[in-house]
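Read left to right, the sequence shown gives residues -32 to -1, 1 to 374 (mature numbering (1 follows the signal peptide of the UniProt record, and there is no 0)).
Quick notes on the structure that follows.
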Amino acid sequence: MSVRSTARRLTALVTAAGLTLALLMPAGPAFADAGFRQWVAGFRATAVAGGVSGAVYDQAMRGIEPDPVVLEKARTQPEFTAPAWDYFDNRVHDQSVANGQAMARKWKPWLDRIEARFGVDRNVLLAIWSMESNYGEILKRDDIMRNVVRSLATLAYGDPKRSKYARTQLIAALKILQTGDIDESHLMGSWAGAMGQTQFIPTSYQRYAVDMDGNGRRDIWNSVPDALATAANLLRKNGWQAGKTWGYEVTLPAGKLPGGSKTLAQWRALGVARANGKPFRNLTDKATLKVPDGRGGPAFLMIRNFSVIKAYNNADKYALAVGLLADEIAGGSGLVQDWQRPFTKLTFEERQELQKRLSEHGYYDGKFDGKIGDGSKAAIMAYQAKVGLTQDGYPSLEVLKWLRKQ
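Here's what the structure looks like:
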């Protein structure tokens, strides 16, 4: 089975999502759909009552149609479903570190100003930028970026679980248009309405957006200084402690350890030590122990700034990836104890080579971006089935060696 076949199956899923939406509405062609059209007309009063002008609403909603792809995307959130090694391998790797270091040099004058103004570690901001948009590269991809108003209207109407969220965000997005910070054609974001270089939902944009470059607009789409300063402002207002880290990789003594928050001095007395052999800083800082991959994987003591990062995205894996990537951008050597990966890890370049070779054999038709998503895993499994390997979809050195022999 080729990945082109898999792509056809994914297309069928998207089509199914569209049919699901269609079932929620009365039958009818495209925007002639009476249910969605009635919802758009009815929500106008709510938006106007929330401070959106009728003219802005009418312009933004003119000709709008529901987006079935948004409903399909809404079904999963990788921060909560991917295994530890899978999540971190796709986000903390040699290429994301090298790009972050290059951006640190390129944007140093602005990072100096942002760090001085907000007190937030520049490497954490660079790591967030990487996590959210691959240093802005995602914004160039028409296959990922979607019209924010359309996405939120789709969720508000067609996804009961996210309807309340989407209605609130839709009103906020319309208010952003109303301020003139961005025009309608450039109000683009993720399927869930997260916008710009650092991916802010509309209400968070309203709360934290900063005009760092001083041009009179808070433009997190096109202005890197605005985007990074906006991220710094969010972290500062949620309690970022300047001059402190997010946490430490640690080694654990044998036996069971107590739970809860304790000072670093107390953890040290229990036999917990930094994995790199260095001493803890600020022994009075309180920390919580986390072992996201079990006792056999790396262990961490998380201090206050880890929780602050979660104000950006409330997932432990996300905050940990930001912290680990920030440390490596700053020149750190990475984890001492690696994740419990059930295969031999590839470098970023080898992952790209894996995708290229799978493509040459007719199994993969995606981008050679080194990120192992559903398309890459399906291609690996199809190839494993052909050559008689266990069909686990792992981007392993073993699979790459098989491909190199053919």
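Backbone N, C-alpha and C define an ideal beta-carbon position, used for all residues, glycine too.
Every value quoted in this text rests on a predicted model; they were computed, and no experiment measured them.
Item	Value
Cβ-Cβ distance between ALA255 and ILE271 below 8 Å	yes
Sub-8 Å separation of VAL116 and ALA141 beta-carbons	yes
C-alpha distance - ALA(-6) paired with PHE4, whole-angstrom precision	Below a pLDDT of 50, predicted positions are generally treated as unreliable, and ALA(-6), at 38, falls in that range; the measurement from the model is reported next regardless. Those two C-alpha atoms are separated by around 11 Å.
Proximity below 8 Å, CB of MET163 to CB of ILE188	yes
Assigned secondary structure, LYS258 (DSSP; H/G/I helix, E/B strand, else coil)	strand
Rounded straight-line distance, which links the Cα of GLY356 to that of ASN67	38 Å
Closest by C-alpha distance to GLN174, when choosing among PRO193, THR198 and VAL259	THR198
MET99 versus VAL290: straight-line alpha-carbon distance, rounded	7 Å
VAL304 classed as buried or exposed, judged by whether at least 16 other C-beta atoms fall within 10 angstroms	exposed
Rounded separation between SER153 and LYS108 - CA only	14 Å
Span separating the alpha-carbon of TRP370 from that of ALA52	26 Å
Buried versus exposed, by CB contacts within 10 Å (16 or more), ALA(-3)	Residue placement at ALA(-3) is poorly supported in this model, since its pLDDT is 44, which falls under 50; the coordinates still yield a value, given next. With fewer than 16 other Cβ atoms within 10 Å, it is exposed.
Nearest-angstrom Cα separation, counted from ASN58 out to GLY334	16 Å
Of the listed residues GLN359, LEU202, ALA237 and THR315, nearest to PHE86 (C-alpha basis)	LEU202
Residues sharing a beta bridge with ALA241, DSSP	THR219
C-beta contact flag for LEU288 and PHE311 at 8 Å	no
For PHE268, the first and last residue of its enclosing beta strand (DSSP E)	267 to 270
Simplified DSSP state of ASN115, which is helix, strand or coil	strand
Backbone secondary structure at PHE(-2) - three-state DSSP	Per-residue confidence for PHE(-2) stands at a pLDDT of 42, beneath the threshold of 50, marking its modelled position as unreliable; the derived number appears in the next sentence. In the structure shown, PHE(-2) sits in a helix (DSSP, three-state: H, G or I).
LYS339 - partner residues in DSSP beta bridges	Paired residues: none, contrary to the question.
For ARG30 and ASP127, the rounded distance between their alpha carbons	21 Å
Close-in-space but distant-in-sequence residues of the same chain around ASN91 (CB under 6 Å, 5 per side omitted)	ALA294, ILE297 and ALA298
N-terminal and C-terminal residue of the alpha helix (DSSP H) that SER191 is part of	Taken as a continuous stretch (DSSP letters only), SER191 belongs to no alpha helix (DSSP H), as it is neither H nor E.
ARG130 classed as buried or exposed, judged by whether at least 16 other C-beta atoms fall within 10 angstroms	buried
GLY291 in three-state terms, based on DSSP	helix
GLU40 burial status per 10 Å Cβ neighbour count (16 or more: buried)	buried
Element boundaries [beta strand (DSSP E), containing LYS230]	229 to 231
Selection from ARG73, GLY239, ILE340 and ASP181 that minimises the alpha carbon distance to ARG319	ILE340
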